[in-house]
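Working notes, beginning with the structure itself.
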Amino acid sequence: MNQAEHKEKLSVHDALAPIREKIQACIQCGTCSGSCPNEFAMDMTPRHLWRLLLMGQAEDIFHSKTFMLCSACYYCTLRCPRGLPLTEAMGELKQIAARENLVPYNQSVRFYKSFMESVRRHGRVQEMEFMTLYFASMKSPFLPLRFAPLGLRLMSKGKVHLHIPLQNDPESLDAVFRKAEEMEKVRSEK
Amino acid sequence: MKRKIGTALVAGAGISGIRAALDLAECGYGVTLIDRCPHIGGILSQLDYQFPTDRCGMCKMLPSIARDDSSQYCLRKGLFHENIEIRLSTEIISLEGEPGHFKVMLRGKPGLISHELCTGCGACTAVCPVEVPDEFNEGLSLRKAVYLPVPHAIPNTYVIDTDACTRCGACEEACPTAAIRLSQGERRQFHILVVDDELIVRDSLKEWLEDEGFSVDMAESGPEALEQLANCAYHLMLADIKMTGMDGVELLKKAKEALPDLCVVMMTAYATVETAVEAMKIGALDYLIKPFDPNALISMVLRIYQDFETGQGHLSDFGAVVLCGGAAYFNPAESKNPFGYGVLPNVITSLEFERILSGTGPCQGKLVRPSDGKAIRKAAWIQCVGSRDLQTDADFCSDVCCMYAIKECLLAREKAEGEIETTIFYMDMRTFGKSFQRYRDQAENEQGVRFERGRIHSVIQDKEDNEGNLILHYSDRGGALHDESYDMVILAVGQLPAAGMAELAEMLKIPLNPWGFAQSEPFSLTQTGREGILLGGSFSGLKDIGESVTQASAAALSASRVIHAAGGSQEIESDTSEYRDVSRDYPKILVLVCTCGNRLSASDPQEIVRELEKDPAVFHVEFLGQTCTAEGWDRLAGLAEKYKPNRILIAACLSYIYARKLRELARQIGLNPALTEAVSYHQSASNPRGSGNLLSLLRMGIARLRHADPSPVLSVPVCQEALVVGGGIAGMTAALAVADHGFQVYLIEQAEVLGGNLRWLQKTIEGYEIKTLLDDTRMKVEKHPRIQVHIRTRVIASYGQVGSFFTTVQDEEGLTHTLEHGVTVLATGGTEAAATSYGYGTSSLVVTQKELEQKLAEKSLDPKKLAAVVMIQCVGSREEPRNYCSRVCCASALKHALYLKSQNPDMAIYVLYRDMMSYGFAETYFTQARKAGVIFIQYEVKEKPRVKISDQSVYVTVFDPILGSELEIESDLLVLATGIVPALPEYIVTTFGASVDRDGFFQEAESKWRPVDSLKEGVFGCGIAHSPRSAAESVISAEAAAQRALRILSYKQLPGGKFTAKVRHSLCSLCERCIAACPYGARVIDTDSEKIQVNPVMCQGCGSCAAVCPNSASFLEGYSIRQMLEVVDAAFA
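Protein chains in written order, with my numbering: chain A, 1 to 190; chain B, 10001 to 11133.
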């Protein structure tokens, strides 16, 4: 393990502690896994994920796509007999992955970021801009080709707007985002 | 009959209420047993079968000594006992006073149907137009507003649901015995005075109120009203405010001066509402605004009337109060996660399923869905609905659901003859009671019940071909998803505090625990914060039948202690002298036939009289009208006084009512009650029995009476002293309990000090100091003038029977002496089982839970120096040969884990368990341990953890089913929970005539109904010798055992029953088959006289001996061959 990797591991470990705290009362009953609508696509069940988290096995957690696939439907939170904030915990795992720039999640994180950037600029997602931002961030010349069939299908149904959005959109949410960032900064400093 | 001056109130007539009431009544106290329901039996009246027998057996709770004092038929049908007054539909309104002298106000709902007159014919139900859901069948069927609360009660009289009843009066007209007094008649007694200066108002009010059945008078002015009030007693005055001359307010003032209790309702126009409010301040009850809405007016008057009717509470004195209010059940429909209950018709609760299984249920006991009648062939049980769920504020385990779910599976399999798939979805299968684990194993391995560890989150309608079926979607522990379709889904609903608990607690000033159940004191599950008010059954939370019954007996003991201390044990001088000796008289039978108000149409009385009087034993035959009325009964009693018969036979409907009345009558005229008989003669449209039938019924009764043995009931003398074997907490508690009632106790302890396991235990999981309990109890025992402690002493041998045992004990020096005592309590305790696996003994790093507790207490182990600890549960437990749960180990593990975490939060603790048995409120400590970061890993018995020990560390390898991989844990300490083994030498048990179960624990007579008795009367077991239990649980079992013992000790002469077995020695060949056949050990062979002897108290009249006897030497009194053949002849004549 080189220095950088070691450092990454440590920081991830520290970041997991507050999440573990939240779900400590988990009894591994599996209600979350049975409830999850995306479980079929996950490489491990939510229950498995929580188990790893309780055991402090960060490496395994951050090799799994489970939390990235959480669509925040809140079924698990509603149904958990322990009343644990599971959806929130999934979200926090996503944030760690984004903050620490963990390789396996690059694609998802950039997708999220591009989406949010577009929302930030215009108050809603502008599909063309969003995809452009995404392709640009991924720096992969063949990526657009992979999305081409989907893009064409969406366009034929009028789901994608081709117009180029304004750079300084009056409906921009920039102020809101800045405020949120400030608040997050204050919180993390605490 | 035995009667002391002390009285007790038992509130709640469920199983624990019945137990507590019977226990107190058998000791001679007068007991008032109340219930707010119109029937006794509580929840158990709805549950037909109980495990482990999968039958009922409730009747085994009936007295086994002085049996004739109580009813001796199915307890579901009813109960009477000489010393118990049962008052149904009754509640406690207030309580004042001190322990030993409580003044309690009880209020009963007015009975609209006379219990004496109702014959249960059902004519009222047939005509009743109202239909409402039947709570007896959990709403799965409908009933009328006039109905039978339970289908099988004796006497089964109808009641009226006053909320649902429309008072149409149809039932009143249909009732053939005029038993129904719908409030019309009663309302006539309610006098209302209407005061208004406007004639039209007066007239219309009078008309409306008279239509409702009230008596109404009118006055047109204040002075006239006052005059009328002075002349006649009115219950309610409706007074107008604005009247010329004296106005309403002035009238109110004057009327209230003269009659402070008068209810007054003011009537006013809208403009003067303020005046009306003022009037209320000076004593008016309410006001009405003109113009009136007749409905509002009537409903207000009805409300006042009902308060008047029910308001007449009844003040009684009681020495102690036992609360046996039971628990309520969780309603999933009101929960955040209802599992489709209330929406999908085939999702039902476990209680509803019990009703489906029942022969008196909505499906007549057929295993079909009530919604569409389809046979149930695949059913799933979902556990922990409303339990162990923080989202429904249920951070507790309901204790009973796991076992009743298994029972329901087995019953369903039996009904379906195996043609059913049964699956239980569970988190932990809590089989923590005695024999529970084997019951589960048998269900799983022999009966094919499927146990699936997984929690179902919701239930979805099956949209495919199966109409009405339900899909369960769940993830198994490996993470695989499953969709399974079921015919029926049963929600194993948990328990909740009984309805009205908070109000009752406030009124009685007793504390509640955080979950809303009654809070009990440390180490005593029966004591509330208020002396003299005790907790029985599941009122303090979550108990199965056996535990409820044990707790009820313990509560009875505590109540008895309070009453005894207040002087309640003084006996009431019995006014009945000895019965007349008629053994040498020729039978002289008085036959009395009730004509049921001259409705005995088909019979010809004269013919019957002529026929019967041909029999020389029949002295006189008389036909009487309505003996059920007080008048009729007086006439009957007069005849008995006049003719002085030596046998009485009565024929009437509802003979069971007469059985009790006849006993009283017999006593009055100095006749042995055994020489009276009632035969049931019931005539109705559906059962038109002719005179021929009546004649044969009477002849059968005569045949029974003719051969009835007039000799007095036998009794055995009682040595009023007790022997308690074992000086641990159970033994000491039992000894104190008996000694506090003034009886001598010998307490035998093998060790040199009293205390048993309490000497090494430190704290309970709740944090109570064990030492306090030990010191306190030991001091009381050692200072008690009535307790003789024998330390370093062993029991050598004993012989004798209930009332008189002779036991030889030997001290350390080998000196023996013999003690005589009437009862024996076995409380020899138990110890932690020896560990033989997981490397125990090879390293100091492997210890047992007990050793851990001791090391932590001596501080020879520093938690701060431990980085990781592994605990393994169920070591050698819950698998053959020790296939039982020891109950305390999970709680100890949690207690130690929490303690270690509190001392060193960085310590990693792993608990390897099979099923966490944190039953009841201990569940909350399981939650706390999880929150504290203790890791729990579930293992299967087939795949036990493996242990490798090095110098410094213990490496434990365990398969984690959720991760699907093996984990190797490096730890500094391995703690083994080895469970409890009894220290009950078999020779001690057998020398007293009791027996041990296959695990070496005390064998109780019946695990549910007689949990601390042995089949041999007079020998009781408690504490760990009985079954693994905590200190507090040992205390209640000891108190229960003491209570059972006190029933016997409180007699100088213990009376036997009327029907007991006897031996004709001239026919007896001493083959001894009867001795082997007797389940109660009531028979012994007296080698000196070469005779078989029957103990009349121990004999329960079952007749097994008579059946096996090859010579008919053994026979059952009251059922001799000659007598029975004559009865049969009469029946077929």
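Beta carbons: idealized from backbone N, C-alpha and C, even for Gly.
It should be emphasised that the depicted structure is a prediction, and the values quoted were computed from it without experimental measurement.
| Asked | Found |
| --- | --- |
| Beta strand (DSSP E) containing Leu10639/B: first to last residue? | Where Leu10639/B is concerned, there is no enclosing beta strand (DSSP E), although the alpha helix (DSSP H) it sits in stretches over 10630–10643. |
| When the distance is taken between beta carbons, is Met131/A closer than 9 Å to His163/A? | no |
| So Val10004/B is in the beta strand (DSSP E); what residue range does that whole segment cover? | Checking the sequence, you will find Lys at residue 10004/B rather than Val. Per DSSP, Lys10004/B belongs to no beta strand (DSSP E) and is neither H nor E. |
| Rounding to the nearest angstrom, what Cα-Cα distance links Pro10099/B and Met10779/B in this structure? | 24 Å |
| Just the chain B side, please: which residues come within less than 7 Å of His48/A by C-beta, in chain order? | Gly10479, Ile10962, Leu10963 |
| If you reduce the DSSP assignment to three classes, tell me which class Phe11132/B lands in. | helix |
| Arg10689/B by DSSP, collapsed to three states: which one? | Below a pLDDT of 50, predicted positions are generally treated as unreliable, and Arg10689/B, at 49, falls in that range; no measurement from the model is reported. |
| Tell me whether the beta-carbon of Leu10617/B lies closer than 9 Å to the beta-carbon of Arg10660/B. | The question names Leu, but residue 10617/B is Ala in the sequence shown. Taking 9 Å as the Cβ cut-off, Ala10617/B and Arg10660/B do not qualify as a contacting pair. |
| Assign Met10243/B to one of three DSSP states: helix, strand, or coil. | coil |
| Could one say the Cβ of Arg10561/B lies closer than 9 Å to chain A's Cβ atoms, at least one of them? | no |
| What three-state label does DSSP hand Ile10702/B in the structure shown? | helix |
| State the CB to CB distance for the pair Ile10969/B and Ala10868/B, rounded to an integer number of angstroms; the pair is presumed to be in contact (CB under 8 Å). | 7 Å |
| How long is the line joining the alpha carbons of Leu10698/B and Val10132/B, rounded to whole angstroms? | 42 Å |
| For chain B, is any of its Cβ atoms less than 9 Å away from the one on Arg121/A? | no |
| Thinking Leu10967/B and Val10958/B are a contact (beta carbons under 8 Å), I'd like their distance in whole angstroms, please. | 6 Å |
| Using 9 Å as the limit for Cβ to Cβ distance, is Ala10685/B near chain A? | Residue confidence for Ala10685/B is low, a pLDDT of 43 falling below 50, so the modelled location carries little weight; the figure read from the coordinates is stated next. No, because no Cβ of chain A sits closer than 9 Å to the Cβ of Ala10685/B. |
| Quick one: which residues of the segment 10451–10474 of chain B get their C-beta closer than 8 Å to a C-beta of chain E? List them in chain order. | Absent from the structure is chain E; the protein chains it does hold are A and B. |
| Please confirm whether Leu10590/B and His10564/B have their CB atoms less than 9 Å apart. | no |
| Measuring CA to CA, which of Gln10442/B, Ala10394/B, Gln10495/B is closest to Cys10401/B? | Gln10495/B |
| Can you have a look at Arg10019/B and say buried or exposed, based on whether 16 or more other CB atoms are within 10 angstroms of its CB? | buried |
| Between Trp10760/B and Gln10854/B, what straight-line distance do the alpha-carbon atoms span, to the nearest angstrom? | 7 Å |
| Return helix, strand or coil for Cys10889/B, following the three-state DSSP convention. | helix |
| Does Met128/A come out as helix, strand or coil in the three-state DSSP assignment? | helix |
| Shorter than 9 Å from the beta carbon of Cys29/A to some beta carbon of chain B? | yes |
| Could you check where the beta strand (DSSP E) with Leu10033/B kicks off and where it finishes? | 10030–10034 |
| Measure the alpha-carbon distance for Ser11069/B versus Ser10071/B and round it to whole angstroms. | 35 Å |
| Rounded C-beta distance between His35/A and Arg99/A? I'm assuming under 8 Å. | Residue identity differs from the one stated: residue 35/A is Ser in this sequence, not His. That belief does not hold up - the Cβ atoms of Ser35/A and Arg99/A are roughly 28 Å apart, past 8 Å. |
| For chain B, is any of its Cβ atoms less than 9 Å away from the one on Cys80/A? | yes |
| When DSSP labels each residue in this structure, what does Thr10053/B get in the three-state scheme? | coil |
| When you compare the CB positions of Leu133/A and Ile61/A, do they come within less than 9 Å of one another, or not? | no |
| Report the residues of the segment 46–73 of chain A with a CB closer than 8 Å to any CB of chain B, ordered along the chain. | Arg47, His48, Arg51, Leu52, Leu54, Met55 |
| CB-CB under 7 Å to Tyr10579/B, same chain, minus the five flanking residues each way: which ones, in chain order? | Gly10670, Leu10671, Asn10672, Pro10712 |
| Ignore the nearest five residues each way along the sequence and tell me which others in Leu10117/B's own chain have a CB closer than 7 Å to its CB. | Thr10177, Ala10178, Ala10179, Cys10628 |
| With distances taken from CA atoms, which of Gly10283/B, Val10870/B, Val10277/B is nearest Ala10255/B? | Gly10283/B |
| If you run the structure through DSSP and keep just helix, strand and coil, what is Asp10286/B? | strand |
| On a CA-only basis, which of Gly10625/B, Phe10292/B, Gln10551/B is nearest Cys11022/B? Give me that one, please. | Gln10551/B |
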